[in-house]
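Here is the structure we will look at, set down as C-alpha cells.
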C-alpha cells in the first residue's frame, strides 16, 4: 500500500492523540552491552505502556541521538524516543561500535556486518531485560540504519514490525555516489584492514578500512528483508537527494516482499526529515510511525 502525505494524516492524528509529547525530559538510562569483547553504549528509554519495545538504529556517521533539530533542544532520536515512551513504547537506541561513545572498536573498522552484529546483540539484550519480558520487539532504522534493520529482520524474524526511514535499499548505487568513483575504486582494491581516507560531500574527513567498501557490492538489504514474515513500513522523502529517486527506491522493498500488510509513505522531505529548518516534518514522521507500531 502506498500513502502520500495527505493520506497519512489519519495516522498522524492518531499518533498525536496517543501521546506525541514533545516537551519535558524522558527517563533515559545509559546502558553498556558487550559485543565480541567490545563495549557498545546505548540509551534505554523506559515506558509503563503496553506497546512494543523499539530498537532505534542510526545512520552512517551518526550517533544514537542523531542530528540536532533546528528550533528545539532535541536531537532526532531523543525526540523520537520520548514520543515512543509517551505512546507506551520503551526504546533502546545504540551507538554502533566505532560511533558515538562506543569507541573500543575504532571507527575505521566499522562495516555493515559489524553493525548488523550490534543490532542483533541489542535485540538479544532487550529480549533478556526484565522490564521488557513478554513484550514484542520492533525496530526503526534510518538511512544506513535502515539497511542494517533489513538485515536484522532476516536474522531475527521474530521482530514484530520493521520501520525503514529513508533506507539505503541499493548500496551499490548509493555509496559510489556518496564517496565518488575514485574512493570506491581505492576501497575495493586495498586489503580489508587497510584504511582509505576521503572527504564526504559536507566536508567531513575520515577513514574506513577496505572491508567496508568490499561489503558494498555484496549487500542486498531488499533481498534480506524479502523473507521477513512481519509487516514493514517504509517512509521516504520526495526531496531526498541521497536515496533517489523516491518513491521508487522505497517501492523496491514492497515489491520484493508482496505482503499486503506493508505500507509505503511518501512525504515532502529531504533525507534528514527537514530538521535543519524545524521539527514539523520530523513530528509527522514520528506520529505516523508511532500510530502504525500500535495499530492492529
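Numbering (this note's numbering), first residue to last: 67 to 362.
Even glycine gets a Cβ: it sits at the ideal position worked out from N, Cα and C.
Cα separation between residue 240 and residue 199?
-> Residue 199 has its alpha-carbon roughly 39 Å from the corresponding atom of residue 240.
In chain order, what residues of the same chain lie with their CB nearer than 8 Å to the CB of residue 106, ignoring the 5 residues before and after it?
-> By the criterion of a C-beta distance shorter than 8 Å, residue 106 is surrounded in its chain by 98, 99, 100, 160, 161, 162, 163, 168, 184, 187 and 188, once the five residues flanking it on both sides are discounted.
Inter-residue CB distance, residue 110 and residue 158 (contact presumed, cutoff 8 Å) = Confirmed, about 5 Å.
If you draw a straight line from the C-alpha of residue 271 to the C-alpha of residue 263, how long is it?
-> A straight-line Cα-Cα distance of about 7 Å links residue 271 and residue 263.
What's the C-alpha gap between residue 317 and residue 208?
-> Distance between the alpha carbons of residue 317 and residue 208 is about 16 Å.
Whole-angstrom distance between residue 141 and residue 255, CA atom to CA atom | Each residue's alpha carbon lies about 37 Å from the other.
By how many angstroms is the C-alpha of residue 245 removed from the C-alpha of residue 267?
-> Using only the alpha carbons, I get a separation of about 8 Å.
Taking Cβ to Cβ, would you say residue 228 is nearer than 9 Å to residue 260?
-> No.
To which residues of the same chain is residue 88 closer than 6 Å at the C-beta, ignoring the five residues directly before and after it?
-> Confidence at residue 88 is low in this model, with a pLDDT of 34, below 50, so the placement of that residue should be treated as unreliable; the coordinate-derived value is given next. None.
Between residue 133 and residue 114, what straight-line distance do the alpha-carbon atoms span, to the nearest angstrom?
-> Approximately 27 Å, taken between the alpha carbons.
For residue 180, which residues of its own chain have a beta-carbon under 8 Å away from its beta-carbon, when the five flanking residues on both sides are left out?
-> Spatial neighbours of residue 180 in its own chain (CB-CB distance under 8 Å, excluding positions within 5 residues in sequence) are listed in chain order as 162, 163, 164 and 171.
Under the three-state reduction of DSSP, which class applies to residue 282: helix, strand or coil?
-> Note: residue 282 maps to coil in three-state DSSP.
Are the beta-carbon atoms of residue 231 and residue 212 separated by less than 9 Å?
-> Yes, they are a contact pair.
Could you check what DSSP says for residue 255 in three-state terms: helix, strand or coil?
-> For residue 255, the three-state secondary structure derived from DSSP is helix.
List the residues that DSSP assigns as beta-bridge partners of residue 261.
-> Within the DSSP secondary-structure output, residue 261 pairs in a beta bridge with 275.
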